[in-house]
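113 is the number of the first residue of the sequence shown in the working numbering; add one for each residue after it.
Below is one structure, written out as structure tokens; comments come after it.
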Amino acid sequence: MKVQWKTKEALIGYLFASPIILSIIIFTIYPIFAAFYYSFTDYNPLNARNLEVLFNPQETLEFHLGMFQNEIKNINEIKNNFDLMTYIKSDVGINLDEKKEEIIKKYFNTNKLLNDFISGKLNKEMKISQFMSIYLDKGASSFKKYIPNFLGFENFKRMFKDQYFKISLFNAFFYSIIVVPVQTLLAIVLAVAANSKIKGVKFFKATFFIPSITSSAAISMIFWMLYSRPGILNRFLSLFGFQPIAWLENPNTALPAIMVMNIWTTAGYFMITFLAGLQDIPVSIYEAARIDGASSSKIFWKITIPMLRPQILFVMIMGTIGTMQVFDQIYFLIKNMRNITISYYIYKNAFEYGNMGYASALALILFSIILTITFLQRKFIREEY
């Protein structure tokens with residue numbers, strides 16, 4: 113009886129947890145494995161949707177031949193003007209690899225298509241996959257479902273020749289190396305100030321925390337107004353005789369400008385993390401240090417910082433993950449390719465260029481880099497303390 117109750121209790125627990133478990137499987141675990149598979153292929157989401165597109169064969173043939181269907185009496189009038197590959201690629205709009213092109217050249221029944229066109233049987237919408245199943249004598253299964261070609265390690269080899277991959281990876285490392293230490297130190301300083309017994313401390317906390325819960329789009333618009341040529345910053349500098357600076361257009365200033373924005377928006381969030389850590393430090397330790405004559409700076413570096421080791425580790429790991437994946441601010445504010453980061457380059461390949469296979473390979477490299485950096489941070493910070 114007791115065993116049955118434990119089994120029932122466990123089942124109820126799993127049922128309550130099932131929504132979040134399913135969400136993790138669908139939105140986290142599955143995409144990781146899918147990206148791993150696609151990284152070895154030439155997967156293109158546009159091609160995947162291509163076979164399901166509806167089109168009217170009669171209208172496309174009329175456009176290709178430059179004649180209306182009711183003007184044609186027999187197949188000989190149009191046979192010489194019909195170019196099969198041009199019709200399939202340009203007029204129907206099918207992207208063909210070498211294998212599919214070979215299938216069409218060998219097995220497409222052109223006479224049947226043109227006879228059906230003359231008899232008026234094609235004046236209806238159909239899917240490309242359906243169209244191919246009717247007019248291919250053999251190999252129609254290749255057009256029923258999109259299957260990307262397996263490329264092996266070609267996507268990874270391509271990275272070594274890709275200039276923008278090198279630029280974006282360097283920018284991501286540079287961004288992370290500058291932002292993570294600065295935002296961590298600033299967050300500690302803000303936390304120490306917020307933990308002190310001074311008037312207006314609640315307003316101080318809210319002032320620095322609000323940017324971290326504001327949407328990236330809204331923050332980006334604020335900083336765009338700040339950094340634009342007629343913006344607040346240039347107007348302020350003009351008071352001292354400086355010429356307007358193109359902060360976001362100039363490759364030398366665009367990335368540092370975004371770094372300042374990122375530090376300002378994240379320091380408040382990490383301040384709360386350090387504030388929680390500070391409040392866990394026993395007051396007696398500080399009192400003993402003051403009795404021994406320790407200065408404020410020595411107390412900060414010899415007591416506060418070592419006691420915040422778990423929070424520092426957490427903030428540095430989260431900061432590294434966040435900065436290596438920075439995307440929103442780059443997408444909204446930077447338009448030149450010299451300042452792109454790896455996350456933005458992944459986005460461009462996947463959704464602008466349609467190179468989902470290459471984008472997946474880039475994402476796999478980024479995942480490996482972040483995992484390695486996180487492991488090293490955990491190892492060395494623990495050893496140091």
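For each residue, glycine too, the CB sits at the ideal point set by N, CA and C.
On the criterion of 16 or more Cβ atoms from any shown chain inside 10 Å, does residue i qualify as buried, or is it exposed?
i, result
"Lys-250", "exposed"
"Phe-229", "buried"
"Gly-389", "buried"
"Ser-407", "exposed"
"Ile-259", "exposed"
"Lys-273", "exposed"
"Val-498", "In the structure as shown, the chain starts at 113 and stops at 497, and residue 498 therefore has no counterpart that could be examined."
"Asn-223", "exposed"
"Ala-473", "buried"
"Ala-358", "exposed"
"Leu-339", "It is Tyr, not Leu, that sits at residue 339 in the sequence shown. Under this definition Tyr-339 is a buried residue."
"Gly-431", "buried"
"Val-291", "buried"
List the whole-angstrom C-beta distance separating residue i from residue j, where the pair is believed to meet the contact cut-off of C-beta under 8 angstroms.
i, j, result
"Val-304", "Thr-416", "7 angstroms"
"Leu-263", "Thr-153", "6 angstroms"
"Pro-356", "Asn-346", "4 angstroms"
"Ile-375", "Leu-445", "Not a contact, Cβ separation roughly 15 angstroms."
"Gly-434", "Leu-158", "In fact, because the Cβ distance is near 31 angstroms, the residues do not count as touching under 8 angstroms."
Helix or strand or just coil, what does DSSP make of residue i?
i, result
"Met-430", "helix"
"Leu-248", "strand"
"Leu-166", "strand"
"Phe-220", "strand"
"Glu-496", "Only weak support is given to the placement of Glu-496: the predicted model assigns it a pLDDT of 49, under 50, and the value that follows is read from those uncertain coordinates. Note: Glu-496 maps to helix in three-state DSSP."
"Lys-309", "coil"
"Met-179", "coil"
"Lys-256", "coil"
"Lys-239", "strand"
"Gln-437", "coil"
"Phe-463", "helix"
"Lys-447", "coil"
"Phe-532", "What is shown of the chain runs 113 to 497, which leaves residue 532 out entirely."
"Pro-394", "coil"
"Leu-281", "helix"
"Ile-482", "helix"
"Lys-120", "helix"
List the residues that DSSP assigns as beta-bridge partners of residue i.
i, result
"Thr-153", "Phe-262"
Compare the C-beta of residue i against all C-beta atoms of chain B and say whether one is closer than 7 angstroms.
i, result
"Tyr-381", "In the displayed structure, chain B is absent; only one protein chain is listed."
Start-end ranges of the alpha helix (DSSP H) lying completely within the region 339-391, minimum 4 residues: Runs of alpha helix (DSSP H) with 4 or more residues, each lying fully within the region 339-391, are found at 344-350, listed in chain order.
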